[in-house]
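Presented below is the structure to which this report refers.
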Amino acid sequence: MWNERYDRPDYLFGKKPAGFLEAHAHVIPPRSTVLCVADGEGRNSVYLAGLGHRVTAFDMSGNAVDKARRLAAEAGVEVAFHEADVESWDWGEKTWDAVVAVFIQFAGPPLRTRIFEDIARSLRPGGHLLLHGYAPRQVSFGTGGPPNEANMYTLPMLETAFPGWHVFDAADYDAEIEEGEGHSGLSALIDFVAVKPAG
Ligand SMILES: C[S@@+](CC[C@H](N)C(=O)[O-])C[C@H]1O[C@@H](n2cnc3c(N)ncnc32)[C@H](O)[C@@H]1O
Numbered sequence: 024m025w026n027e028r029y030d031r032p033d034y035l036f037g038k039k040p041a042g043f044l045e046a047h048a049h050v051i052p053p054r055s056t057v058l059c060v061a062d063g064e065g066r067n068s069v070y071l072a073g074l075g076h077r078v079t080a081f082d083m084s085g086n087a088v089d090k091a092r093r094l095a096a097e098a099g100v101e102v103a104f105h106e107a108d109v110e111s112w113d114w115g116e117k118t119w120d121a122v123v124a125v126f127i128q129f130a131g132p133p134l135r136t137r138i139f140e141d142i143a144r145s146l147r148p149g150g151h152l153l154l155h156g157y158a159p160r161q162v163s164f165g166t167g168g169p170p171n172e173a174n175m176y177t178l179p180m181l182e183t184a185f186p187g188w189h190v191f192d193a194a195d196y197d198a199e200i201e202e203g204e205g206h207s208g209l210s211a212l213i214d215f216v217a218v219k220p221a222g
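Below you can see the structure in the form of structure tokens.
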């Protein structure tokens, strides 16, 4: 389904990074090793590489990864792109200085739990998680995301999934976003920026 959606010359979610990422990327220390999860056509990974980070990104859609490579070439930056499914991706252990996950709500509750565990394990202590997605009421807005409330985030859910983490920013709000045709209009959004505890 995703591969067909990306089979078009323009960029479904645009070429600019998510507004959330532009607003929060400053928390990532310079020259960090960053993983972008389900990165799509590369708008977020290319932006982070342009800030000087060493960025790895994966997505299961070959069309998306091809377009992401073109976007990186246009921008004159390097990103290690991989075509991979989230379930078979080798996350590593205490590997990343930051993990960025923007609109990855293809995952229902069981897969989401596994992804959050993978993120937690693969971040190094002191590493940053930047997670952005939709709240359950987004389903009635119909401006992006799956039509399934169970896939959405709430702040208590995230605080439970990452216990003891230092939360920099946790917000549940409605805002107009224009992020390509895929995400456009009044949206119910969740921001979650947190640091994995040391030790
Ligand atoms: C809403 S898009 C967001 C893309 C990107 N993060 C962004 O913000 O532009 C969701 C992405 O998840 C990818 N995806 C869906 N299921 C996946 C899976 N099982 N493993 C890896 N990527 C997946 C899709 O190909 C798509 O690029």
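Numbered according to the working numbering, the sequence shown spans residues 24 to 222. In this text, a Cβ means the ideal position worked out from N, Cα and C, and glycines have one as well.
Residue i (DSSP reduced to helix, strand or coil)
i	result
residue 82	strand
residue 62	coil
residue 208	strand
residue 25	helix
residue 45	helix
residue 35	coil
residue 51	coil
Same chain, Cβ closer than 7 Å to residue i, five either side skipped, listed in chain order
i	result
residue 205	35, 36 and 167
residue 75	53 and 54
residue 279	Because the chain is modelled from 24 through 222, residue 279 falls outside the range shown and cannot be assessed.
Close Cβ partners of residue i (< 8 Å) along its chain, the five nearest in sequence each way excluded
i	result
residue 145	58, 114, 115, 116, 117, 118, 119 and 122
Distance between residue j and residue i (C-alpha atoms, nearest Å)
i	j	result
residue 154	residue 194	11 Å
residue 42	residue 209	14 Å
residue 63	residue 81	8 Å
residue 107	residue 60	10 Å
residue 126	residue 221	27 Å
residue 190	residue 143	14 Å
Bridge partners - residue i, DSSP secondary structure assignment
i	result
residue 136	For residue 136, which the question treats as bridged, DSSP gives no partner whatsoever.
residue 195	213
Own chain partners of residue i with C-beta closer than 6 Å, once the 5 adjacent residues on each side are dropped
i	result
residue 149	221
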